[in-house]
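Using the numbering used here, read the sequence shown as starting at -12 and increasing by one per residue.
No residue lacks a Cβ here, since even glycine has one placed at the ideal position from N, Cα and C.
Here's the structure we're looking at; comments come further down.
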Amino acid sequence: MKFGIMLGFACNAHCEHCTTSSGPGNKTHLTDFEKSKIASFFNENAKQIHKVVFSGGEPFLYIDDINQILTSFTSISSDFQVEVITNAIFASSAEKCAKEFSRLKMVNSVIISYDEFHSPFCSQQNILTLVKYCKENNINVCASVTKGSYKAIEYVKLFSDLNVESQVTDFKYTGRGALLTKKYFNDAIQPNSDILDSKCPLINTVNYFPGKGFSFCCGHLMFNMEYNSPIKRFAFDSYADMISSHLYQELKNHNFSEILAKIKCPTTYTSVCDICQHFYEETM
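Structural data, given as structure tokens:
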């Protein structure tokens, strides 16, 4: 099981597409009570959790919180890993990388988010510096590139030239991205697509979001602007409540083709997350 922990919404960038609407002015973060809930969940399920992924916001603004949380884990599996998702703004020099990583209690892997949305806030030199540091210090490094236009190819090539694997994700109209006019493309999913024969890729993932709670969803049902009501947001006080929910059980037991057969969904959609959102709206 992968356990994702969002540390807070503070970020040193203000990307226009940001799913979580993070930025310099967003001060919401994990409370001590929430950290205790995270520790309890982890320690009760330590044998099943092989990886913890810290996200934000920008996790390197929350190093003290990362260390506090890791210290609260009383038992970890033999293959346990810690992964951090970063925008690399902190990586202005090799010395700065060494300083920041030395502050972390543990880290095995880094995901660098970099594309046409992040590049106005972070130079390519930062990317080169961070990749070099990770490779020299046996830290696994990969990249996440959001496909907003054909420019995504340039960023995939950048990482490919550095022998870094990239995961390309579609632009999603979620969070701050939901406020944009539709100037970024997504390819429509075809009715006979293999994607529809699959189940939710996050169904076996657990996330905790500050001020929200436990959820396997990290997109539409958590951060769409229309989901500001606590009643509508798909988040729970406990993991047990999450896995017993109607939506979780439906997505665990049915693929997206089967879900589509149960609802009146628009014929054009660019993400399985769109399908999930329509299903949630009709069945909540």
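Distance check for residue j and residue i, CA to CA, integer angstroms please.
i: Lys92; j: Leu57; result: 7 angstroms
i: Ile262; j: Ala81; result: 44 angstroms
i: Ile114; j: Phe47; result: 15 angstroms
i: Ile246; j: Phe(-10); result: 26 angstroms
i: Phe203; j: Met(-7); result: 12 angstroms
i: Ser64; j: Lys34; result: 6 angstroms
i: Pro11; j: Phe(-4); result: 8 angstroms
i: Gln154; j: Lys249; result: 31 angstroms
i: Ala139; j: Ser42; result: 22 angstroms
i: Ile36; j: Met(-12); result: 5 angstroms
i: His275; j: Asp52; result: Missing from the structure shown is residue 275; the chain here goes from -12 to 271 and no further.
i: Ser180; j: Ser258; result: 12 angstroms
i: Lys38; j: Ser89; result: 20 angstroms
i: Asn(-1); j: Cys5; result: 12 angstroms
i: Glu268; j: Gln236; result: 16 angstroms
i: Ile242; j: Asp184; result: For clarity, residue 242 is Asn in the given sequence; the question names Ile instead. Roughly 6 angstroms between the two C-alpha positions.
i: Leu117; j: Lys83; result: 10 angstroms
i: Phe28; j: Phe201; result: 10 angstroms
i: Ile136; j: Lys144; result: The residue you asked about is not Ile; residue 136 is Ser in the sequence shown. Spanning the two alpha carbons is a distance of roughly 14 angstroms.
i: Lys102; j: Asn13; result: Checking the displayed sequence, the identity of residue 102 turns out to be Asp instead of Lys. When rounded, the distance between both Cα atoms is 22 angstroms.
i: Met209; j: Leu149; result: 34 angstroms
i: Asn54; j: His265; result: 39 angstroms
i: Lys186; j: Glu123; result: 38 angstroms
i: Ser232; j: Cys205; result: 16 angstroms
i: Asp224; j: Ile50; result: 25 angstroms
Per DSSP, what are the beta-bridge partners of residue i in this structure?
i: Ser153; result: Ala130
i: Gln264; result: In DSSP, Gln264 forms no bridge with anything.
i: Thr192; result: Lys(-11)
i: Ser42; result: Met(-7)
i: Gly10; result: Ala(-3)
i: His16; result: Gly(-5)
i: Phe283; result: Since the first residue shown for the chain is -12 and the last is 271, residue 283 is missing from the structure and cannot be characterised.
Would you grab the beta carbon distance between residue i and residue j for me? Rounded to a whole angstrom, and I think it's under 8 angstroms.
i: Ile72; j: Val40; result: 7 angstroms
i: Ser26; j: Phe60; result: Sequence check: residue 26 is Ala here, not Ser. The pair is a contact, with the Cβ atoms about 7 angstroms apart (cut-off 8 angstroms).
i: Cys260; j: His207; result: 5 angstroms
i: Leu238; j: Phe221; result: At roughly 11 angstroms, the Cβ-Cβ gap does not stay under 8 angstroms, so Leu238 and Phe221 are not in contact.
i: Leu167; j: Glu31; result: With 8 angstroms as the limit, Leu167 and Glu31 do not qualify as a contact, their Cβ atoms being about 40 angstroms apart.
i: Val151; j: Tyr142; result: Actually they do not touch by this definition, with Cβ atoms about 11 angstroms apart.
i: Ser106; j: Asn74; result: The Cβ separation is near 10 angstroms, so there is no contact.
i: Gly44; j: Ser8; result: Gly44 to Ser8, Cβ: 10 angstroms. No contact.
- prompt: Quick check: the stretch 153 to 170 against the stretch 189 to 197, are there 3 or more CB pairs under 8 angstroms?
  reply: The way I'd put it, the stretch 153 to 170 doesn't touch the stretch 189 to 197; fewer than three beta-carbon pairs between them come closer than 8 angstroms.
- prompt: How about the stretch 93 to 101 and the stretch 63 to 74: do they share at least three Cβ pairs that are nearer than 8 angstroms?
  reply: Verdict: yes, contact present.
message: If contact is defined by three or more beta carbon pairs under 8 angstroms, each pair taking one atom from either stretch, is the stretch 20 to 32 in contact with the stretch 121 to 140?
response: Contact fails: fewer than three Cβ-Cβ distances are below 8 angstroms.
- prompt: In chain order, which alpha helix (DSSP H) runs of at least 4 residues are fully inside the stretch 58 to 111?
  reply: Those alpha helix (DSSP H) runs which fall completely within the stretch 58 to 111 and span 4+ residues are 81 to 90.
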